[in-house]
Structure formats: C-alpha cells, structure tokens
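Peer 1:
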Amino acid sequence: MILDGKCPTGPLADKWEKHRHEMRLVSPANKRRYRIIVVGTGLAGSSAAASLGELGYNVDVFCHLESARRAHSIAAQGGINAAKNYPNDGDSIFRLFHDTIKGGDFRSREANVYRLAAVSSNIIDQCVAQGVPFARDYAGYLDNRSFGGAQVSRTFYARGQTGQQLLLGAYSALSRQVKAGSVTLHTRTEMLDLVVVNGEAKGITVRDMVTGKISCHAADAVCLCTGGYINVYYLSTNSMGSNVTAAFRAYRKGAFFANPCFTQIHPTCIPVTGEHQSKLTLMSESLRNDGRVWVPRIREDRRAPGEIPEEERDYYLERKYPSFGNLAPRDISSRAAKEVCDEGYGVGASGRGVYLDFAEAIKRVGEDKIRERYGNLFDMYQKITDENAYKQPMRIYPAPHYAMGGLWVDYNLQSNLPGLFVLGEANFSDHGANRLGASALMQGLADGYFIIPYTIADYLARTEPGKVSTGDPEFIKSVEETERFMKRLLCVKGKKTVDEFHRQLGSIMWENAGMVRSRESLTKALTLISGLRAEFWQDVLVPGGEAELNQELEKAGRVADFLEFGELLVRDALHREESCGSHFRVEYETPEGEAKRDDENFCYVAAWEFRGGKEPELHKEPLVFENVHLAVRSYK
Amino acid sequence: MYFFRSQVGRKIVMSVSGFLMLAFVAVHLLGNASMYGGPESMNSYASALHRFPLLIWIFRLMLLVMFYLHVFYGIALTLENRAAKPEPYAVKNYIQATFAGRNMIWTGLLIGVFVIYHLLHFTFQVTNPQIAAGSHPDAMGRPDVFMMVVLSFRKLTISAVYVCAMIALGLHLSHSVQSAFQTVGLNGDRSLPIIIRAGMVAAIVISLGFAAFPIFIFTRILG
Amino acid sequence: MDLTLFVWRQSGPGKPGRLEEYKANEISPDMSFLEMLDVVNQDLIKSGVEPIAFDHDCREGICGTCSQVINGVPHGPLKETTVCQLHMRHFKSGDTIYIEPWRAKAFPVIKDLIVDRSALDRIMQSGGYVSVHTGGVPDANAVLIPKADADRAMDAAACIGCGACVAACPNGSAMLFTAAKVAHLARLPQGQVEAARRVCLMTEAMMQEGFGNCSNHYECQAVCPKGIKVQFIAKLNREFIKSRI
Ligand SMILES: Cc1cc2nc3c(=O)[nH]c(=O)nc-3n(C[C@H](O)[C@H](O)[C@H](O)COP(=O)(O)OP(=O)(O)OC[C@H]3O[C@@H](n4cnc5c(N)ncnc54)[C@H](O)[C@@H]3O)c2cc1C
Ligand code: HEM
Ligand code: HEM
Ligand code: SF4
Ligand code: F3S
Ligand code: FES
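Residue numbers (my numbering), protein chains in the order written: chain G, 491 to 1126; chain B, 411 to 633; chain H, -13 to 231.
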C-alpha cells in the first residue's frame, strides 16, 4: 500500500497555518466529555497531557517510572534548538528546517520539519514563562551555543541539565493540571497492550507494577509518548527502563512501524570498561565546541597523551571535514571514530576510544570558563573514569543513543490506526535518517505543546465521546492475553537470566546492525536473533510471582519485545539497499567512504505492518521534496 | 491562625522567643558581673533593679510568655519530628548534625528545670531561707544579694547543679544561635559560616561566663 | 575485591523486614555501586533467591530514582554523588557495607530498597509551578533576567527530587527539597507573582504529607547529590515571612 502523509498543500511556509484553520475544533463545553489517554511523561507526554488537560479534556497519564519527573528526557544535557536568531548570525526558520532535512539525509517529511522549525521559537518562550532557568549573558539576555551539524548558534541550554530543566517545566505544568483535577496520574504503571475496537485505538491495558494487577482503561483517543527503542542494543546512553514495549505492542495491534533501522550512534560517549557494564554515559556533544578530537599517528601507541607531540597527532575530523571539523554531524563523526579504531589507532586499554582534547581551549579561554561551560560533564567523567579531563584529554567512543525510527504517523501525528497518536521519540516523523543535536527536545515539546492540541481535536470532533467502555470484549480479550503472556514468562523457569539474554541480543545487534551494516552481517543477525528468541522462550529464568513488584518480570517482558523488534530492525536495514545518514551499508559508499544515497529507489519512508507469524509487510510513503533539492550531504 | 499552625511559623516563634531569652541571659550575665566588684557593686545593682517594680513585672511577664511559647512549641515540634521518623536506621552516620542539635529538647528541658529552681533559689529565696537576701540586709540595709550568692556557691551541691545547668545551656546555645538566624532567614552564602562560628563563641562565652561564678566562689577565688 | 553486604529485605508494604547478609565476590573497582548489586542479583536469581529490588533508571546521577542509604549515609560516602555514580573503587576488599532504604514516615517502603516518594510529587502539585497557559506568552527575551539571578535560580533548580535530604534529616523533613523549588521560582520575575501563595501552599503540603519540621541540622545539605545549599531554606523562610506581612 502507498501511504499518505496527509501533508497540507500550498506553499511550505503556510501549510501549518492553513491546516490549523481547516481542522475541526471541539467546543469548550464538549471537551469535558472526552477522555484522552497519554502514555509517557517525558517532554512529549508531559507537555501534551498538561496542554490537553488545560484545554478541558479528561486526561489519564501513565508512566512506568515512580514519578512523572523521572522520565528519560531528564538525561538530555546539551540543549534545545530554536530559530530565534538572537545572535544575529543568519539563522532563520528556513535554515533550521534545511539543516534538519539535510542532517537527516533527506529521509524526512518537508512539511513536518518546517512546522517543527516554525514552532521552535514558541517553545523557548513557553519554557522561559514556566521559569526554566536558561543560561543568560551579563546583560540578562538568553545565551546560545552551537551544536553539531549547524553553522549558527541556535542552541539554548541550562547548564548541563537542559533536559532536566525543560522536563521540570513541563512536569510543573502537568502538576498544575493534576491539582486542577483535569489530569489523573498513574505512575509505576506499565502499558502492556493497546486496545483497538473496530479499527480505532480506544484504550490500553496496563500492569500496576506494585501490586501486579492487570487492568484496562478506555478512552476516546490514545497518545503514545513512550520514547525510543535504542536499548535494543542493550548498552546505550538511554535510561535502563527505556523500552520498545508500548510501541511494539501497538505495532502488533496494527500500527505501522516506520524506519526502525534508523538508529543513531552518538560519537561522544565514555568507552566500555568491561563485561559488567550496564549502560553507557554520554558526554554532551556540546563538548565538541571546545574539544578537539584526535588519535596518535602511530598504531597501538601506548604513550600517555601528554607525551605525544603535536606532529604525531592526527586530528582526523578537522583533516577530513575542514568546514565543520569537530562539529561534523553525529553519524559521520561516529563512523570516523570507528574507522580509526578499526585501523588500530584507538586509545585506552581496549583500543576502542579516541581523544577529545581541551588543552587548547583551556589555553584560549582559561580553565574557569571551561569549568563554567562543562563543569558537571567533567565531574561526571571523573566520577566514572577516575581521570581529570582538565589535565588529560577525555577518552570517548560512539554508543547507541537515539531512535529516529518509530511508529508511523501522518502530518497530524496520527498513526494509521485512527485514534492513536504518537509523539516525541516514539514516532518517526522529523529526523529522517539522522538527528541533529538539540533537536529531539525541540520535537518532543513541539509535538506536545503546539501540535497535538490542534490535531487531536480534529479527530475527536469526528467521534462521539465515550463510544466504548472497558466492558467491550476487545478489552476483556486484551487483559486475558496480557495475563497469559506474563504467566508464560514466569513458567519457563529456565537457567539463563533476563539480563544475559538482553546482553547477548545487544552484542548481536551492535556487531551486525550497528554503525556499519552489510548484507551478510544483517542476514547473519536474522538467524542469530531468531535462534536467541527460541532459546529465550525455553531457557529464561524469571524469579518471583506476578502479583507483586517484580523487576525481573518487567525486564523479561521488555526483552521479549526487543527480541522480536530487533528482527524487524534488521529486516528494515536489510531491505534499505542504500547508505543514508546513520544507516551505513558497506555496499553503498562513495569513493571517499561517505554514505551513498539512492534517491531513485529509496526516497521513501518504510512502514512495516505486523502480520502474525508471517513476515511483516512493507508499505511505502514516498517523500517529495519541493523546497530543497536532494544534494549529496557534504560537510567537507 | 495559619502562622501558628505552619511548620515555618512555629519555628519562627521558637527563634524569636529564643532570641529574646538569649538577650536576657546576656544582660543577666553582664549584671551578674558586678559580683566581681564585691558586695557594694552587686547589692547596689540588685536593688537598683528593684527600684521600678512596674517595669520589672512587665519585663517578667514578657519573659514568662516567651518562655512558655518556647517550651510549648519546643516540645510540640520535637514530638512531630520524632513521629516523622518512625523506624531508625540500623547504621547511621551523621556528617553535619551535631549532638547538641539532636538533643535540643533535653538540654532545653534541663535549662527549664534549672530556671525554676534558680527562681526559687535567688528570686523567691525559698530553697535556702537561712541565707535569703531578703531577710539578711547588708550594712546599708539593702538585701545582701552578694552574700546570698556567695554562701550558696560555697556549697558543693549547689555549685555542681549550676555548673551542670550551664553545660546544658552551652550545648543548647551552641546549636541554637545560628539556628535562630537561619529560621528567620537572616543569612546568606557568605554570612552563614560566620554566623555558625559566632554562635559557637557566644554559647561558650555565656555558659563559661555563668559557670565562672560557682567555680570562682567555691574555690574561694571570689567572695 | 570481595565484600560483605547487609541488605534490607522487605517483601512488601507494611510487612516486617530485616537485614540479610550477602557476599559480593570478584567485584571490579570500575563497577558502579548498582552494577555491583546487579552482579549480586544475578547470583541470587541463579541460586533461587529473589533478587534485591532497588530503584534506578538513568544511572547518570540525573533522574533522582536511585535511593539507598549506604553505611548510614544516603547515596553513600562520596560527596555530591548519587548511588548510581558511586564507583566501587571507593571501597576496599573486605569491607562490610550496610544498605538500607530511605526512611521517613512520608516514604513508606514498597519492597526491599524501594520506597514511595510520591509525597514529593504532591508537594509540587500544591504549588510548585508558574501558572502559565500553553501559548500566549511573551517573547523569551522580553523580560531580562540578571545573570546572577538566572544562575542562582539554576543552582536551586538543580534539585533532582531524589529525597536523600529527607532520608538524612533527623526529623524526616523535606525542607531542602521544598526550599529548592520555592527559591528557584522566587528568584525569577516569572515566579514572583505567585511567590507568596506558593510558599504557603507548599509548606502546608509538606506538613500534610507527614514530613518533619526543619531544626537546621544541615544534614540534608551534606548528602545532597546536587549540592543544594541550606541557604535556600533561609530563602524559603524569608519568603514565608514576606508572605505573612
Ligand atoms: C544521554 C542523552 C542526552 C540527550 N541529549 C539531548 C540534547 O542535548 N538535546 C536533544 O534535543 N535531545 C537529547 N537527547 C534526546 C532526548 O532526550 C530524547 O529523545 C527525548 O527526551 C525523548 O523524549 P520523549 O518524551 O519522547 O520520551 P522519554 O523522555 O523517553 O519518555 C518516555 C516516557 O514514556 C514512559 N514509558 C515508556 N514505556 C512505557 C510503558 N510501556 N508503559 C508506561 N510508560 C512508559 C516512560 O516512563 C517515560 O515517562 C538525549 C538523549 C540521551 C539519552
Ligand atoms: C524549658 C526550656 C527550653 C526548652 C524546652 C527549649 C527547647 C528548645 C528546642 C526543642 C529547640 C529546637 C527547636 C527546633 O529547632 O525544632 C530550641 C531552640 C532554641 N532555643 Fe530553646 N529551649 C528552652 C530554653 C531556652 C533558653 C533559656 C534559651 C535562651 C537562652 C533558648 C534558646 C533557644 C534558641 C535561640 C533556639 C533556636 C530556635 C531556632 O532553631 O530557630 N532555649 N529550644
Ligand atoms: C551562676 C549564674 C547565675 C547567677 C549567679 C544568677 C544570679 C541571679 C540572681 C542573684 C537573681 C536574683 C536577682 C534579684 O531578683 O535580685 C537572678 C534572677 C534570675 N535569673 Fe539568674 N543567675 C545565674 C544564671 C542564670 C541563668 C543561666 C538563667 C537563665 C537561663 C537565669 C535566669 C534568671 C531569671 C529568669 C531570674 C529572675 C529575673 C527576675 O527577677 O525577673 N539566671 N539570677
Ligand atoms: S534537595 Fe538534594 S537531596 Fe533533596 S531531593 Fe533535591 S537533590 Fe535530592
Ligand atoms: S537536615 Fe533536616 S532539619 Fe532542616 S536543615 Fe536539613 S531539613
Ligand atoms: S539512577 Fe538516575 S540518579 Fe541514580
């Protein structure tokens, strides 16, 4: 089937404005009669729930964490983009739009990305009004920094805590609605199934993670804001609880999954130290503003960095990409790091690392300035590695970080299942094949504050409120299935722990479907994964019972989904016979070793439909570019 | 009224009443210093105090109210604090919290008991009538406060009681002076450490200052 | 390195609990404290014992989920460091480590080391926000904010809501947490409008939730992973007095 993104017609700049006027509204009196379920309390979920509650809808919010404020969004360090052009360095809505499309290697929708760029300014205004303490200069104006993939300073930040502060802003707006009674919070409650009643999403089935009770909730529309699936690689920069479960169960219920193979590997993370490693820590990309990336010119050079003279250092990013240098986009920087390490120039005990050197910046602006800019990052680095980055360069290496892919949505953020809306990292919409730094926070808040309030009304206005109740057979069926699934996990009673399976899946994915992919590595992955999945269902050991707080059971359910989702990711990577953005196929590279896109055959969104035991079916949404021309992405 | 229900409000009452009692104690110490001037200075000071009965009673009344509020809320807050921490830790290591700070209620109650005894002793003079200043005028016909104090502190038990009470007072103040400033918000980044140290000094000066009397007198250095 | 652990085990809310002894062997100094517990849990699972339940998510010291009292100090021995960022190199082989949950009336234990901190959320709901509508706000640079104020607000806003202050406070008081929010918003022009209402509502909620009073022990500051200063408590007290006059 050819999918329609439902992008409005007309000139790019006017599409959203025009569309807003065409969309239906729900009258204030009627809003009270509609119930909306929001799953997730990250930037997308909190901002959506707060805004919808404020409009007068009844909102039920769910999150699997202990508090709404702990959503993974808090981890964001670097900042958030906005086309404010405060520094007067030539930024504009169109430039932000263009950078994002180009950064995504021309695999995202023009209309969506333009809308994102257009509302970006409102986000900053909104957050400042909420009391988000963005960095300011001595005159009291907002301060900006530059970020990977951009030649202008458009990134707003709050120390190294941008995500935390933005989420606290959204969380406070949410708290205000909870007090007002329009929003009901359900924390420590995990969504385990989407309930679809004659083709429309009308509710969810959840597990109370304290009592283990499985129940369902009915509503007129469901918003999934459940974040990314990058933990399919086990080791990633995401929080331990980040999962694909909510999105994947929706996929099983008929929602299409788009571009799962577009997974971002972040260039600046702290290298792995050993088997025990449970997660990887990101060193914000903003460090690349002042840090210079290099490796020794001599293979297996085990000298201390300080003893390696200038002429024996290879600043490979500056060498390969003169115009962007250390600020080259993430996919490019990551691959470059992998290359030099594969060739044996890597540093650190494992040989899997490159230096990020601040010596020169410290000489230029002084240690205090650097401390003011990145103090908390340097502290974090020291806590983990026991090394002082003011005195010796950091060791960094790429790590799985972000999922560009996600549930397919149209211009209204509505999935192919009417009534199901997907926001934030959980959808696929805006970042194409690679996300630029500081644009995910922007997208999450744009979706939640400024887009869903309009588009969801357009859907609700066409449905009468309270059409279905939890008494509906679909709900009862969903609860039974979910309970059965939990029991199945518990009664395998094998010998291998859930973590062992997850770790194994992670290495399969990382080795064969990571930074570089090839036909054979991917076909190999397919067999390995299905093998591992079979083993999982025979040999997994899940202790405890279901009617209690059982963290192993929670993990088991998520890993079971990752084991199926991993296969979908690999299939998508296998089918996409081109290199674009983060998706790098060795068969398709330019002579200089850069990604070689195939716009003839692959300029589309790949949306996969679940078909039970059979292979998933591929649906294509062609991408049309009327306002940018598909250039070869060059950062040289 | 909300102020007197609220957690912060009641602490402010503690603080203000504490401050005022502190002020009294400080002045009292200075006044008592005239003991060093011998019978003449002490007795004239004492009788000077009693020249304006009205003032004294107003003053005493105020002091009494402060004392009452302080004790009342002190006990109430402490009970609430205990209730807010039902189970103890099997192992607990305090980094900042001091012994004095965690035992305010006990040092406080000790002081309370002492004050009552002290009033019976020196103000109402019922504990040791044989040396009561009221019934033993000095050469100039004034109540011989000097001798009363001296003869009292010649007794080991009385001196011991006073010295112990002063230790309690010292502990109480060692935490409370800085605490009182914090409670009414009178500090900042730079001043807080200074206030903490100054509070310590004040506590030591006041408690030693008072303890000096029984000690010097018992050891015959004074009187 | 090899360690002996005494860990608080409690099967559920209101159930009796006790300290259980476990051995943690061949622990690498590069492990984080939680990774050490992961290793212990893997062994427990395989030996048919229920693993130790503990809260955690980001493992980066920013989400405020991890919550363990290690040898009598919330978040353990390292200054301004959450449990998840505490690494084993700060212990030595043969050490005995006591691990207990946050303890306070307002933080009932749910299981083992997991407690219910939703009381902190309810304090926030009582007034820890600026009542702004989505949309219809002035340009971000319309109101200038002196750098000093913005920085100070950020210092206070850095609170991650972990509740270690409550766990450490001899009175089980949430004063530092609440003060951080009050001070953050009171520093900014946007927050000033509701400052008086906010401080009253939030301190009231604090009392309703069963947190103790602040006796200025400053133990909270000593364990706060984000270095929130008790000067913010003084600021809250000032705001409170202001609101009353
Ligand atoms: C270390 C790090 C640094 C980053 N830095 C930046 C940056 O500087 N700039 C930038 O723009 N982006 C950055 N990002 C990316 C950005 O933080 C995320 O993409 C974004 O915050 C995602 O927000 P979200 O609301 O979509 O989802 P999340 O914030 O991940 O929230 C997911 C929510 O869904 C809930 N949930 C998930 N599954 C379930 C379930 N089954 N049942 C119930 N609830 C569920 C969770 O509890 C949570 O509340 C960074 C990411 C990481 C990991
Ligand atoms: C029966 C007598 C007393 C009792 C029971 C008592 C009890 C207490 C208690 C329990 C506190 C701590 C309150 C808290 O922080 O929760 C306290 C604080 C204090 N006390 Fe006393 N006290 C007594 C006498 C005194 C006296 C005589 C003085 C002065 C000389 C004094 C000065 C103070 C001060 C200044 C504080 C600090 C208030 C604050 O923390 O803001 N107290 N008292
Ligand atoms: C060794 C130390 C002390 C000595 C020698 C001393 C001496 C005296 C004397 C002589 C009087 C009677 C004055 C008069 O009525 O003529 C008096 C009264 C009093 N003292 Fe002390 N005192 C001492 C310590 C204290 C302390 C530590 C406190 C409080 C904590 C205190 C509180 C009072 C009070 C409340 C009165 C009653 C004042 C009045 O009459 O209104 N004294 N003291
Ligand atoms: S003040 Fe510090 S200790 Fe208390 S919750 Fe905030 S971060 Fe945690
Ligand atoms: S330790 Fe407790 S008493 Fe106050 S200063 Fe901190 S809250
Ligand atoms: S796990 Fe997030 S702060 Fe420790």
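Virtual Cβ for every residue (Gly too), placed ideally from N, Cα, C.
None of these values were measured; they are calculated from a predicted model.
#1: Can the beta-carbon of Ala573 of chain G be found closer than 8 Å to that of Ile583 of chain G?
#2: State yes or no: is the beta carbon of Asn491 of chain B nearer than 8 Å to at least one beta carbon in chain H?
#3: Check each candidate in G:Pro888, G:Leu950, G:Asp589 and name the one with the smallest Cα separation from Ser761 of chain G.
#4: So with Cβ pairs under 8 Å, would you call Ile219 of chain H a contact of chain B?
#5: Going along the stretch 979 to 1010 of chain G in order, which residues come within less than 7 Å of chain H, judged by CB to CB distance?
#6: Do Ala849 of chain G and Thr677 of chain G have their CB atoms nearer than 8 Å?
#7: Considering only residues of the same chain and omitting the five flanking positions on each side of Leu99 of chain H, which have a CB-CB separation below 6 Å?
#8: Are the beta-carbon atoms belonging to Gly630 of chain G and Lys212 of chain H less than 8 Å from one another?
#9: Is the Cβ-Cβ distance between Arg597 of chain G and Gly1071 of chain G less than 8 Å?
#10: Please list the residues of the stretch 505 to 516 of chain B that have a C-beta atom closer than 9 Å to any C-beta atom in chain H, keeping them in chain order.
#11: Does the distance between the C-beta of Ala645 of chain B and the nearest non-hydrogen atom of ligand 5 fall short of 7 Å?
#12: Classify Phe747 of chain G as helix, strand or coil using the three-state DSSP reduction.
#13: Looking at the C-beta of His203 of chain H, does it have a partner C-beta in chain C at a distance below 8 Å?
#14: Does DSSP put Gly1047 of chain G in a helix, in a strand, or in coil?
#15: Got a sec, what are the start and stop residues for the beta strand (DSSP E) Leu(-11) of chain H sits in?
#16: Run the CB neighbour count on Tyr412 of chain B, radius 10 Å, all protein chains shown included, and call it buried at 16 or more, exposed below.
#17: For Lys78 of chain H, which residues in chain G fall below 7 Å Cβ to Cβ?
#18: CB of Asp43 of chain H to nearest heavy atom of ligand 6: below 7 Å?
#19: Between the C-alpha atoms of Val696 of chain G and Thr735 of chain G, what's the straight-line distance to the nearest angstrom?
#20: Show which residues of chain B have a CB atom less than 7 Å away from the CB atom of Val55 of chain H.
#21: Taking only beta-carbon positions, decide if Phe40 of chain H is within less than 8 Å of chain B.
#22: State whether the stretch 475 to 489 of chain B contacts the stretch 514 to 524 of chain B, with contact taken as three or more CB pairs (one from each stretch) at a distance under 8 Å.
#23: Shorter than 8 Å from the beta carbon of Ile214 of chain H to some beta carbon of chain G?
#24: When you compare the CB of Asp615 of chain G with every CB in chain H, is at least one pair closer than 8 Å?
#25: My parser needs the alpha helix (DSSP H) runs of 4 or more residues fully inside the stretch 37 to 114 of chain H; what are they?
#26: Quick check: is the beta carbon of Lys565 of chain B nearer than 8 Å to any beta carbon in chain H?
#27: Taking the straight line between their C-alpha atoms, what separation do you get for Ser959 of chain G and His509 of chain G?
#28: Strictly by DSSP, which residues pair up with Asp847 of chain G?
#29: Under three-state DSSP, which class holds His756 of chain G?
#30: Are there any heavy atoms of ligand 2 lying less than 7 Å away from the beta-carbon of Asn199 of chain H, as far as the coordinates show?
#31: Is the separation between the beta-carbon of Val1032 of chain G and that of Leu1043 of chain G shorter than 8 Å?
#32: Does the distance from the CB of Ile526 of chain G to the CB of Cys713 of chain G come in under 8 Å?
#33: Which residues of the stretch 762 to 773 of chain G have a Cβ closer than 7 Å to any Cβ of chain H? Give them in chain order.
#34: In the DSSP assignment, what are the bridge partners of Cys454 of chain G?
#35: When you compare the CB positions of Tyr572 of chain B and Pro624 of chain B, do they come within less than 8 Å of one another, or not?
#36: Using a C-beta cutoff of 8 Å, does Tyr115 of chain H count as contacting chain G?
Peer 2: Straight from the coordinates:
#1: In this structure, Ile583 of chain G lies closer than 8 Å to Ala573 of chain G by Cβ.
#2: yes
#3: Sequence inspection shows Pro at residue 761 of chain G; the Ser mentioned does not correspond to that position. Cα-wise, what sits closest to Pro761 of chain G is G:Pro888.
#4: yes
#5: Thr987, Asp989
#6: no
#7: A distance below 6 Å between beta-carbons, with the five flanking residues on each side excluded, links Leu99 of chain H to the following residues of its chain, in chain order: Phe40, Gln54, Pro87.
#8: Not closer than 8 Å, so no.
#9: yes
#10: Ile505, Gln506, Ala507, Thr508, Gly511, Arg512, Met514
#11: Because chain B in this structure spans residues 411 to 633, residue 645 of chain B falls outside the shown range and cannot be described.
#12: strand
#13: Checking the listed chains, one finds no chain C in this structure; the protein chains it contains are G, B and H.
#14: helix
#15: -11 to -4
#16: exposed
#17: Taking a Cβ-Cβ threshold of 7 Å, none of the residues of chain G is close to Lys78 of chain H; the smallest such distance is about 15 Å.
#18: yes
#19: 12 Å
#20: Tyr499
#21: no
#22: yes
#23: Closer than 8 Å: no.
#24: For Asp615 of chain G, at least one C-beta of chain H is nearer than 8 Å to its own C-beta.
#25: 104 to 113
#26: no
#27: 32 Å
#28: G:Arg782
#29: strand
#30: yes
#31: yes
#32: yes
#33: Per Cβ criterion, the list reads Thr763, Gly764, His766, Ser768, Lys769, Thr771.
#34: Here chain G comprises residues numbered 491 to 1126, so residue 454 of chain G is not present and cannot be evaluated.
#35: yes
#36: yes
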